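Here's the structure we're looking at; comments come further down.
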Amino acid sequence: MKAPTPGMLAVGLLGVTVFTLMMVGPPGSYTPPPEPQSTGPAPSSISVNGFTLTSDTVDFPIDEQQYPDGPHADVINANCTSCHSASMAMTQPVLSADQWKTTVTKMKDVYKAPVAEKDIPAIVDYLTAMSAAQNGAPTGKAQDPAPNAAPDASGGTG
Amino acid sequence: MDRLDAELAAETSRRRFLQKAALGGAAIAAAPALAQGITQGLTDLHLPGGNAQRPMTSAFPGKGSMILQRVHPPLLETPMAVFDRDVFTPNDQFFVRWHWADIPTSIDVDAFRLTIRGHVNKSIAINLEQLMRLPRVEMAAVNQCSGNSRGLFQPRVPGAQWGNGAMGNAKWLGVRLRDVLDLAGVKAGAVQVRFGALDQPVVAGAPDFEKALDIDHARDGEVMIAFGMNGTQLPLLNGFPIRLIVPGWYSTYWVKMLNDIEVLPGPDDEYWMAKAYKIPATPGANVKPGAKDFPTVPINRMIPRSWVTSLGEGQRIAHEASIPLGGIAMGGDCGVARVDVSTDGGRRWFATKLGPDHGKYSFRRWDAQVPLPGPGQTALMSRCWNTAGVAQPMAPIWNPGGFMRGNIETTTIVTA
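Protein sequence lines correspond, in order, to chains A and B. Just so we're on the same page, the working numbering is the position in the first sequence counted from 1, plus 7. Just so we're on the same page, the working numbering is the position in the second sequence counted from 1, plus 324.
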């Protein structure tokens, strides 16, 4: 890379100085930055008979969580993070391969998730392996009668 | 179809990326992963079979400390300790449940319109000022998710793995649905009324979330459209600017961000009424674990429930001859008549004193001074009778959707 000439440095320094002076402004002109909420016009509102509704604008937090590493993690991360967080799958109880297949198929057929048919076995394998790993350490309380049969996945939702 | 959907998904993903970018570098850098960015510590929901740890979060707009079940679309559960403080659940800790991820993040109260159309004399669209000028009603009512406590089902079932906190109680201020329907004029032969909202599926062709009530139910004078919640406007995540209130019925009918009312000349046969939120047509919605091919009906009225809230699961306290015990109860589709408690796993029961009555659809506080058995593990139970004479059963039900749990709940403490 070519070394800067003294002229280029001088122009650069002048530019930085002018920019800094512009930002600082004349003496006494500093005003604190506005509160984030107060930028722009005040939100509109409607008041009727003593009750007021005020327009609302919010930001939702962004979920950066990916599915944990494992075989086919790339496939499930590519297919199953757009409509819902990974936590939806990761908080499920231990489910069988058949139950996971039922769920993944429902996502595709009923909820129209754009999952390619060829990706389904890899997704089901990943989720089944995740369940199997979880099965190693059951905890929690058993206040109700012991389970006597495996459930069938069905119904929704709530 | 697949190609179109894939393109739409790509577009959605691109939009989300642009939204992220618009938030600025700091937001992205501060949230490299869920656990580091927006959560503080873990809580244990004590679900049988495990996988019961959930992060706590205060990162959602209008919301304080909540149990994080899912960021996107949001599922936020209320910690049980909140219910011990007041029978009314504060707006900033009221549970949150959305089905689809395309939720408006900005609502302009001037631009908002509610449409009433279908089997009516004249389709109309009213603004919020017109709505707020109708005669007002205020009602305390429990809003409980159909799948509240699903995580406690045994055998476990798929779905949102809620503990007991997918519920809340608020004073709802609004107008009667009947009065709104009358603005358009319901035609003879109307059978149901369907409710739609501003949230949308993120992929084309997916079933938009809509629910329906029978016309007589919709016009009963109790079903209302609320713009006020505990004295102020609703948090956006709870359905700002208006939501449907269906007292005594499960929350699936309490459509948030309600903007469309369609009177139907026949029953709603769309997905969310015909296929989802269906319960077995058996007493207590109970079937043998693993059963299938049973007749079903749409979930409807709630049933009595109660909880100990003054002590938490696993809590350790000093042993004494007797202790104060308190909690909340709900009658379901009618009032609370009586709550009894047990400190020995259900062998002996003691009467409790009921707190102020805020109406038949509200939570009701109960308190008692109860004897403790010898030091060690102690199973605390509460049992509610509603004013129709229905009591909570000891045995839990089972159904594949994990809906309508209502048996006597147990809180196990340790005294020493």
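Don't be surprised by glycine CBs; every beta carbon is placed ideally from N, CA and C. These numbers come from a predicted model, not from an experiment.
Would DSSP call B/Gly552 helix, strand or coil? Start at 1 with the first residue of the second sequence, and residue 552 of chain B comes out as number 228. In the structure shown, B/Gly552 sits in a strand (DSSP, three-state: E or B).
At 7 Å on the CB atoms, spell out the chain B contacts of A/Thr64, in chain order. Here residue 64 of chain A refers to the residue found at position 57 when the first sequence is read from its first residue. Going along chain B in sequence order, the residues near A/Thr64 (Cβ under 7 Å) are Thr429 and Ser430.
Could you tell me which residues DSSP pairs with A/Thr64 in its beta bridges? Translated into positions along the first sequence, residue 64 of chain A becomes position 57. DSSP, once it has assigned bridges, lists B/Ser430 as partnering A/Thr64.
For the structure I just gave you, are there three or more beta carbon pairs, one from the stretch 523 to 539 of chain B and one from the stretch 381 to 395 of chain B, closer than 8 Å? no
Member of B/Ser686, B/Val665 and B/Ala598 whose CA lies at the smallest distance from the CA of B/Cys708: Within the second sequence, residue 708 of chain B is the residue found at index 384, counting from 1. Minimum Cα distance to B/Cys708 is reached at B/Val665.
Let me check understanding here. Comparing Cα to Cα, which of A/Asn86, A/Ala96, A/Pro68 and A/Val117 lies closest to B/Phe533? In the second sequence, the residue the question calls residue 533 of chain B occupies position 209. B/Phe533 has its Cα closest to that of A/Val117, out of A/Asn86, A/Ala96, A/Pro68 and A/Val117.
Excluding sequence positions up to five away, which residues of its chain have a Cβ less than 6 Å from the Cβ of B/Thr734? As a working mapping, residue 734 of chain B is identified with position 410 in the second sequence. Hits under 6 Å: Ala703 and Met705.
Could you tell me whether the stretch 555 to 572 of chain B touches the stretch 421 to 438 of chain B, where touching means 3 or more Cβ pairs closer than 8 Å? yes
Pull up the CB-CB distance for B/Thr676 and B/Ala692, whole angstroms please, since I reckon it's below 8 Å. Indexing the second sequence from 1 puts residue 676 of chain B at position 352. Indexing the second sequence from 1 puts residue 692 of chain B at position 368. With 8 Å as the limit, B/Thr676 and B/Ala692 qualify as a contact, their Cβ atoms being about 4 Å apart.
Residues of its chain near B/Asp368, where Cβ-Cβ distance is below 7 Å and the 5 sequence neighbours each way are ignored: For the purposes of this step, residue 368 of chain B is taken as the residue at position 44 of the second sequence. Once the five neighbours on either side are set aside, the close Cβ partners of B/Asp368 are Ala376 and Gln377.
Going by the CB atoms, is the gap between B/Gly545 and B/Arg500 shorter than 8 Å? Here residue 500 of chain B is taken as the residue at index 176 of the second sequence, counted from 1. Here residue 545 of chain B is taken as the residue at index 221 of the second sequence, counted from 1. The criterion of a C-beta distance shorter than 8 Å is satisfied by B/Arg500 and B/Gly545.
When the Cα atoms are used, what is the spatial distance from B/Pro695 to A/Ala104? Position 371 of the second sequence, counted from the first residue, corresponds to residue 695 of chain B. Position 97 of the first sequence, counted from the first residue, corresponds to residue 104 of chain A. Between the C-alpha atoms of B/Pro695 and A/Ala104 there is a straight-line separation of about 48 Å.
Kindly list, in the order they appear in chain B, the residues whose Cβ is closer than 7 Å to that of A/Cys87. Looking up residue 87 of chain A in the first sequence gives position 80. The contacting residues do not exist; A/Cys87 stays about 11 Å from chain B at best.
From this set, B/Val579, B/Asp426 and B/Thr620, which residue's C-alpha is nearest B/Ile603's C-alpha? Translated into positions along the second sequence, residue 603 of chain B becomes position 279. Of B/Val579, B/Asp426 and B/Thr620, the residue nearest in Cα terms is B/Thr620.
With a threshold of 8 Å between beta-carbons, can A/Thr110 be considered close to chain B, or not? Here residue 110 of chain A corresponds to residue number 103 of the first sequence, with the count starting at 1. True, the Cβ-Cβ gap to chain B drops below 8 Å.
As a quick exercise: from A/Ser94, A/Asp81 and A/Pro121, pick the residue whose alpha carbon is nearest that of B/Ala530. As a working mapping, residue 530 of chain B is identified with position 206 in the second sequence. Of the candidates A/Ser94, A/Asp81 and A/Pro121, the one whose C-alpha sits nearest the C-alpha of B/Ala530 is A/Pro121.
Option nearest A/Pro100 by Cα separation, candidates A/Lys125, A/Gln141 and A/Ile53: Within the first sequence, numbered from 1, the residue matching residue 100 of chain A stands at position 93. Among A/Lys125, A/Gln141 and A/Ile53, the Cα nearest to that of A/Pro100 is on A/Gln141.
I'd like to know if B/Pro565 contacts chain A, where contact means its C-beta is closer than 8 Å to some C-beta of that chain. The residue labelled residue 565 of chain B in the question sits at position 241 within the second sequence. Judged by the 8 Å Cβ criterion, B/Pro565 is in contact with chain A.
For the stretch 571 to 593 of chain B, list every residue whose C-beta sits within 7 Å of some C-beta in chain A, in sequence order. Thr576
What's the gap between the Cα of B/Asp668 and the Cα of B/Gly651? As a working mapping, residue 668 of chain B is identified with position 344 in the second sequence. As a working mapping, residue 651 of chain B is identified with position 327 in the second sequence. Here the C-alpha atom of B/Asp668 lies approximately 17 Å from the C-alpha atom of B/Gly651.
Three-state secondary structure assigned by DSSP to B/Asp664: Residue 664 of chain B sits at position 340 when you count from the first residue of the second sequence. B/Asp664: strand per DSSP, three-state reduction.
Given B/Val444 as reference, the closest of B/Arg502, B/Ser389 and B/Thr413 once Cα atoms are compared: Position 120 of the second sequence, counted from the first residue, corresponds to residue 444 of chain B. Per the Cα distances, B/Arg502.
Between A/Ala136 and A/Ala96, what straight-line distance do the alpha-carbon atoms span, to the nearest angstrom? Within the first sequence, the letter at position 129 stands for residue 136 of chain A. Within the first sequence, the letter at position 89 stands for residue 96 of chain A. A/Ala136 and A/Ala96: Cα-Cα distance of roughly 12 Å.
Name the DSSP bridge partner or partners of B/Pro379? Locating residue 379 of chain B in the second sequence gives position 55, counting from the first residue. B/Pro379 pairs with B/Leu366.
Can you tell me which residues form a DSSP beta bridge with B/Arg500? Here residue 500 of chain B refers to the residue found at position 176 when the second sequence is read from its first residue. BP columns for B/Arg500 point to B/Met548.
Alpha-carbon spacing of B/Asp416 relative to A/Gly47, whole angstroms: Position 92 of the second sequence holds residue 416 of chain B. Position 40 of the first sequence holds residue 47 of chain A. Distance between the alpha carbons of B/Asp416 and A/Gly47: 26 Å.
Determine, for A/Thr135, whether the minimum Cβ-Cβ distance to residues of chain B falls below 8 Å. Here residue 135 of chain A refers to the residue found at position 128 of the first sequence. So, not an interface residue.
Does A/Gly165 get closer than 8 Å to chain B when you measure Cβ to Cβ? Residue numbering aside, residue 165 of chain A sits at position 158 when the first sequence is read from its first letter. Yes - at least one Cβ of chain B is within 8 Å of the one on A/Gly165.
CB-CB length for B/Val466 against B/Met491, believed under 8 Å: Within the second sequence, numbered from 1, the residue matching residue 466 of chain B stands at position 142. Within the second sequence, numbered from 1, the residue matching residue 491 of chain B stands at position 167. With a Cβ gap of about 6 Å, B/Val466 and B/Met491 count as contacting.
B/Ala514, buried or exposed, once every other Cβ within 10 Å from all chains shown has been counted against 16: Translated into positions along the second sequence, residue 514 of chain B becomes position 190. So B/Ala514 ends up on the buried side.
Taking A/Tyr118 as the query, report the chain B residues whose CB atoms sit under 7 Å from its CB, ordered along the chain. Counting from one through the first sequence, the residue named residue 118 of chain A turns up at place 111. Result: Ala530.
Which residues in the same chain as B/Gly725 place their Cβ atom closer than 6 Å to its Cβ, once the five residues preceding and following it in sequence are excluded? For the purposes of this step, residue 725 of chain B is taken as residue 401 along the second sequence, with counting starting at 1. Nothing meets the Cβ criterion.
Does chain A have any CB closer than 8 Å to the CB of B/Gln639? As a working note, residue 639 of chain B is residue 315 in the second sequence. With respect to chain A, the C-beta atom of B/Gln639 has no partner C-beta closer than 8 Å.
Using only alpha-carbon positions, find the residue among B/Trp631, B/Leu649 and B/Met728 that is nearest to B/Met404. By 1-based counting over the second sequence, the position of residue 404 of chain B is 80. Checked all of B/Trp631, B/Leu649 and B/Met728; the closest Cα to B/Met404 is B/Trp631.
How many Å lie between B/Trp573 and B/Phe727 at the Cα? One-based indexing of the second sequence puts residue 573 of chain B at position 249. One-based indexing of the second sequence puts residue 727 of chain B at position 403. Their Cα atoms are separated by approximately 13 Å.
Does B/Asp540 come out as helix, strand or coil in the three-state DSSP assignment? Numbered from 1 along the second sequence, position 216 holds the residue referred to as residue 540 of chain B. B/Asp540 falls in the helix class under three-state DSSP.
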